[in-house]
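Per this note's numbering, the sequence shown starts with residue 147, numbered consecutively. Quick reminder that beta carbons are idealized off the backbone N, C-alpha and C, glycines included.
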Amino acid sequence: MEGVSPPLTADEARRVAAVEARLVREAAAQGFLPFDRFMEISLYAEEIGYYAQEADPFGPSGDFYTAPRVTPLFGWTVADRILAVRRALGGDRPFEIYEVGPGDGGLAASVLEGLTRQSSDLGGITYHLIERSAPLARRALARARAAARDGNVPVVEDPAVGSDGPFEGIVLGNEFLDAQPARRLHWTGTEWHELGFRAQEKRLEPAEAPLITTVPPPELPTPPEPDTVLEISPSAEGWVRSVADHLVRGELLLLDYGYDQPELLSAHSKGTVASVRRHRSMPRPEEAPGASDLSIFVNFTRIRDAARRAGLIEIAYGSQAGALGDWGFAEELASAVKAARSAEEEVRTRLAAKNLLFGFDRFRALELAAPSSSPALSTLTRPDA
Ligand SMILES: C[S@@+](CC[C@H](N)C(=O)[O-])C[C@H]1O[C@@H](n2cnc3c(N)ncnc32)[C@H](O)[C@@H]1O
147 MEGVSPPLTA DEARRVAAVE ARLVREAAAQ GFLPFDRFME ISLYAEEIGY
197 YAQEADPFGP SGDFYTAPRV TPLFGWTVAD RILAVRRALG GDRPFEIYEV
247 GPGDGGLAAS VLEGLTRQSS DLGGITYHLI ERSAPLARRA LARARAAARD
297 GNVPVVEDPA VGSDGPFEGI VLGNEFLDAQ PARRLHWTGT EWHELGFRAQ
347 EKRLEPAEAP LITTVPPPEL PTPPEPDTVL EISPSAEGWV RSVADHLVRG
397 ELLLLDYGYD QPELLSAHSK GTVASVRRHR SMPRPEEAPG ASDLSIFVNF
447 TRIRDAARRA GLIEIAYGSQ AGALGDWGFA EELASAVKAA RSAEEEVRTR
497 LAAKNLLFGF DRFRALELAA PSSSPALSTL TRPDA
């Protein structure tokens with residue numbers, strides 16, 4: 147839903163003023179502020195960026211929903227997949243679960259509940275939370291630790307994947323890639339330009355400049371039409387490479403919304419930046435920086451290419467709904483329905499399941515294996531993946 151921005155709270159107004167001042171200062175000093183830098187400051191600037199807020203960005207009183215908020219069936223089914231990966235790797239060895247960008251810990255809590263319900267032997271598992279936002283990291287740690295108590299799984303905070311060295315296990319990210327700073331590139335018909343902003347009398351004005359830095363491989367495509375905008379996130383691609391450097395055996399499992407590049411170029415040729423506040427789309431991303439979420443559709447062609455170049459082996463890629471089905475969603479739903487204490491609870495459970503399967507239709511699941519474990523993990527792959 148697009149609409150008028152609801153009035154800013156006093157805290158939001160303070161943050162927006164501080165973020166705008168910082169953006170304008172940097173744009174004026176550099177002459178041009180590329181979009182990825184705009185996104186980095188707006189979302190993550192210490193103390194003032196969107197993710198520095200104390201208020202909850204997720205759910206009805208926040209700005210947007212993610213799948214863990216819709217139903218715990220999501221996390222329980224991801225837990226089934228994690229246990230399948232652990233069994234395929236041999237079971238009784240140390241197994242690290244790194245969740246990147248856990249937000250308020252909703253997914254961590256339901257994954258830990260799911261692990262506890264499905265297995266009596268969780269010895270050797272450690273759940274690591276890597277969250278850039280300080281207020282969300284505090285919430286995620288408290289929620290995950292409460293959920294991990296019954297299964298006796300240690301939950302720790304870490305600065306980065308593999309910060310304790312190479313490891314075996316799984317790296318999990320839900321809506322992590324779409325929140326990484328992205329470059330917006332404009333095909334003029336003859337060459338690619340960088341989109342961003344210039345400072346104009348203490349305001350940001352959309353602007354265009356020659357490419358700020360060279361684009362890392364693979365080469366940019368030639369779009370079928372002039373005036374096409376394509377987003378790419380070299381920082382997300384670099385992050386995939388850093389995971390490959392540390393994951394000795396196991397899997398990188400990414401759930402996110404996005405498309406392959408040909409589809410982005412043909413069906414989303416004006417670009418995909420979404421700026422969202424109180425569940426409404428803002429017409430311009432620079433409207434309330436620091437008080438609205440910013441995200442882009444993941445360019446899965448480039449993420450998969452980065453993974454391949456880093457030596458990871460793709461074991462599955464497809465719709466999130468299809469992946470959930472393969473991992474045991476129907477069984478989880480059947481047991482949740484059986485456990486419902488009233489007809490009303492049963493209906494709520496079924497509706498939430500429907501919302502998850504059909505409301506997240508742009509979402510994909512990408513599973514990548516460390517090379518030494520790919521033969522074991524490939525046995526888990528569905529035949530048509
Ligand atoms: C769109 S939210 C998704 C939250 C959660 N995964 C969910 O599904 O509800 C993106 C999250 O990633 C976090 N994040 C972004 N970049 C990060 C980074 N480099 N390291 C750790 N966390 C990061 C943000 O702070 C935010 O909590």
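- Here the alpha carbon of Ala230 sits roughly 11 Å from the alpha carbon of Thr223.
- Between Val162 and Ala434, the C-beta spacing is below 7 Å.
- If only complete runs of 4 or more residues are kept, the region 348-419 shows the alpha helix (DSSP H) at 380-392 and 407-413, in order along the chain.
- In the structure shown, Leu341 falls within a strand segment according to DSSP collapsed to helix, strand and coil.
- The nearest non-hydrogen atom of ligand 1 is less than 6 Å from the C-beta of Tyr197.
- Remark: the shortest separation between the CB of Phe504 and any heavy atom of ligand 1 does not fall under 6 Å.
- For Ala294, the closest C-alpha among the options Val165, Asp310, Gly269 and Pro240 is that of Gly269.
- At least one heavy atom of ligand 1 is found less than 6 Å from the C-beta of Ala325.
- Fewer than three Cβ pairs drawn from the region 212-227 and the region 452-462 lie within less than 8 Å of each other, which leaves the two stretches out of contact.
- DSSP, read as helix, strand or coil, puts Pro180 in strand.
- Fully enclosed beta strand (DSSP E) runs of no fewer than 3 residues occupy 509-515 of the region 462-526, in order along the chain.
- Nearest to Ala167 by C-alpha distance, out of Ser188, Arg424, Gln326 and Pro180, is Ser188.
- Annotated three-state conformation of Pro214 is helix, per DSSP.
- DSSP places Gln199 in the coil class of the three-state scheme, outside both helix and strand.
- Only residues of its own chain outside the window of five on either side were considered, and among them Ser441 have a CB closer than 6 Å to the CB of Ala420, listed in chain order.
- Following the DSSP letters along the chain, one finds Phe446 inside the alpha helix (DSSP H) bounded by residues Phe446 to Arg455.
- Here Pro372 really is in contact with Thr334; their C-beta atoms are around 6 Å apart, less than 8 Å.
- With a cutoff of 6 Å, Ile276 counts as near ligand 1, since its C-beta is closer than that to a heavy atom of the ligand.
- With a threshold of 6 Å, the Cβ atom of Gly249 counts as near ligand 1, since some heavy atom of the ligand is closer than that.
- At least one heavy atom of ligand 1 sits closer than 6 Å to the Cβ of Asn320.
- For Val224, the secondary structure class from DSSP, reduced to helix, strand or coil, is helix.
- Setting aside the 5 residues that flank it on each side, Leu318 is surrounded in the same chain by Glu245 and Leu399, each with a C-beta closer than 6 Å to its C-beta; the list follows chain order.
- Taking C-alpha positions only, Asn320 is separated from Gly247 by approximately 7 Å.
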